[in-house]
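Undergrad: Below is one structure. I have some questions about it.
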Amino acid sequence: MKVCVIGAGAIGGYLGVKLAESGAQVSVLARGKTLQAIQTRGWILEEGEKRLVAKVKASSDPQALGVQDVVIIAVKAHALADVAPMVSSLCHEETVVIPAINGIPWWFSHGMARFGVPARLDSVDPEGVIDQAIDSHRVLGSVVYPSCYSPEPGVSHHSSGTRLVLGEIASPSTAGGSTERLARVVALFNAAGLAAEQTDAIGRAVWEKLLGNVCFNPVSLLTGSSTDLLIDDPRVYEVFVALMNEVTAVGAALGLDISVAPPQRLAVTRKLGRVKTSMLQDAEAARPVEVQAIAGAFVEVARALNIETPIASTIYALARMRAQTFGLLKQ
């Protein structure tokens, strides 16, 4: 199967190298020092004591890579509008597109007019570029759980986790159902050593991950603290519980019920030990942060539903201002 990964950062590197090692015909769309590194020495994945090197076709020009069976978009949410116009040139009639991105994706609000949520979220796709460039019928929704970071261009380090949830993107509060292409893609990732699973409610899966993302990411940006320190502080713990209750309430209004209680969710993250969130890693590296797609999009959905989220709204306002002050907010 021909697979192109758009974006060769931490998650892109993890998925791309794993797929290449399993026998998939992988190519990557990258640029700058990352592209040069992959072309020179291969695409590298560090897993424990192992160092995997995949020799893949790499280019900054999608035309040079040709049409694909699967396109994985593994860029930061704020970079999606920049790469979205490249997707169509990688597609044949049955190509599947998998956005492996954080936060609330652009497709999430499709079909949610009955709840009062607009089809296009300004926090995610303000100009409608993504929606216009990517045919939604090609898209399989995904929720990516592996924790990775990129220590240098063209290198991904896998810290923990292999879970990947995939589903058809019907209205997020309704069943997307199982399809042949969904089963085929799940099998592709499982063959590569991931714990891939299919769901008929990908919207709920997005919301379940958001439960943690809305808490840990913006608060870590504001404090500079790892998740263990945040959870161990009783005052911050109370803030997290209140935040998660807000996320749960908004989800319930969309028909996305979450069965995990805040203390259970916090305990799961605490067991992982000292974890730096992706937003904190980006901030420390002076890279733009995903505050809009994670916190901003949640607040936007809540406001569309006329649900008050005072904790989330306050944290979003402060995190956004911090990002803007330090040049980390991409408009």
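First residue of the sequence shown? That's 264 in this note's numbering, and the numbers climb one at a time after it.
Every residue gets a Cβ at the ideal spot worked out from N, C-alpha and C, and that includes glycine.
With DSSP collapsed to three states, give me the class of Tyr412.
TA: The answer is strand: DSSP assigns Tyr412 an E or B state.
Undergrad: Where do the N-terminal and C-terminal ends of the beta strand (DSSP E) with Arg314 fall, by residue?
TA: Taken as a continuous stretch (DSSP letters only), the beta strand (DSSP E) holding Arg314 covers 313-317.
Undergrad: Would you identify the three-state DSSP class for Leu529, choosing helix, strand or coil?
TA: In the structure shown, Leu529 sits in a helix (DSSP, three-state: H, G or I).
Undergrad: Quick one: measure Cβ to Cβ for Ile220 and Asn480, integer angstroms, because I've assumed they're closer than 8 Å.
TA: Nothing in the structure corresponds to residue 220, since the chain is present only between 264 and 594.
Undergrad: Confirm, please, whether the CB-CB distance from Val392 to Ala340 is below 9 Å.
TA: Against a cut-off of 9 Å, the Cβ pair of Val392 and Ala340 comes out as no contact.
Undergrad: Taking the alpha carbon of Leu308 as the point to measure from, which residue in Ser322, Gln299, Lys296, Ala283 has its own alpha carbon closest?
TA: Per the Cα distances, Ala283.
Undergrad: Short check: CB of Asp491 to CB of Gly424, under 9 Å?
TA: Not in contact: Asp491 and Gly424 (Cβ atoms no closer than 9 Å).
Undergrad: Ile335 and Ile432: beta carbons closer than 9 Å?
TA: In this structure, Ile432 does not lie closer than 9 Å to Ile335 by Cβ.
Undergrad: What residue from Thr577, Val504, Arg401, Ala293 has the CA that sits closest to Ala327's CA?
TA: The residue with the shortest Cα to Cα distance from Ala327 is Ala293.
Undergrad: His420 by DSSP, collapsed to three states: which one?
TA: The answer is strand: DSSP assigns His420 an E or B state.
Undergrad: Under a three-way DSSP split, which group does Arg426 fall into?
TA: In this structure, Arg426 counts as strand in the three-state DSSP scheme.
Undergrad: Is it a yes or a no for the segment 441-457 touching the segment 289-303, going by three-plus beta-carbon pairs under 8 Å?
TA: The answer is no - the segment 289-303 does not touch the segment 441-457, with fewer than three Cβ pairs under 8 Å.
Undergrad: Under 9 Å, do Ala548 and Val387 count as touching if we go by C-beta distance?
TA: No, these two residues do not count as a Cβ contact at 9 Å.
Undergrad: Looking only at C-alpha atoms, which of Gly487, Ser489, Ser522 sits nearest to Lys472?
TA: Out of Gly487, Ser489, Ser522, Ser522 has the C-alpha closest to the C-alpha of Lys472.
Undergrad: Give every residue of the same chain whose Cβ lies closer than 6 Å to the Cβ of Lys539, excluding the five residues on either side of it in the sequence, and list them in chain order.
TA: So the list reads Ser489, once near-sequence residues are dropped.
Undergrad: Suppose contacts are defined by Cβ-Cβ distances below 9 Å. Is Val350 in contact with Ile397 by that definition?
TA: Yes.
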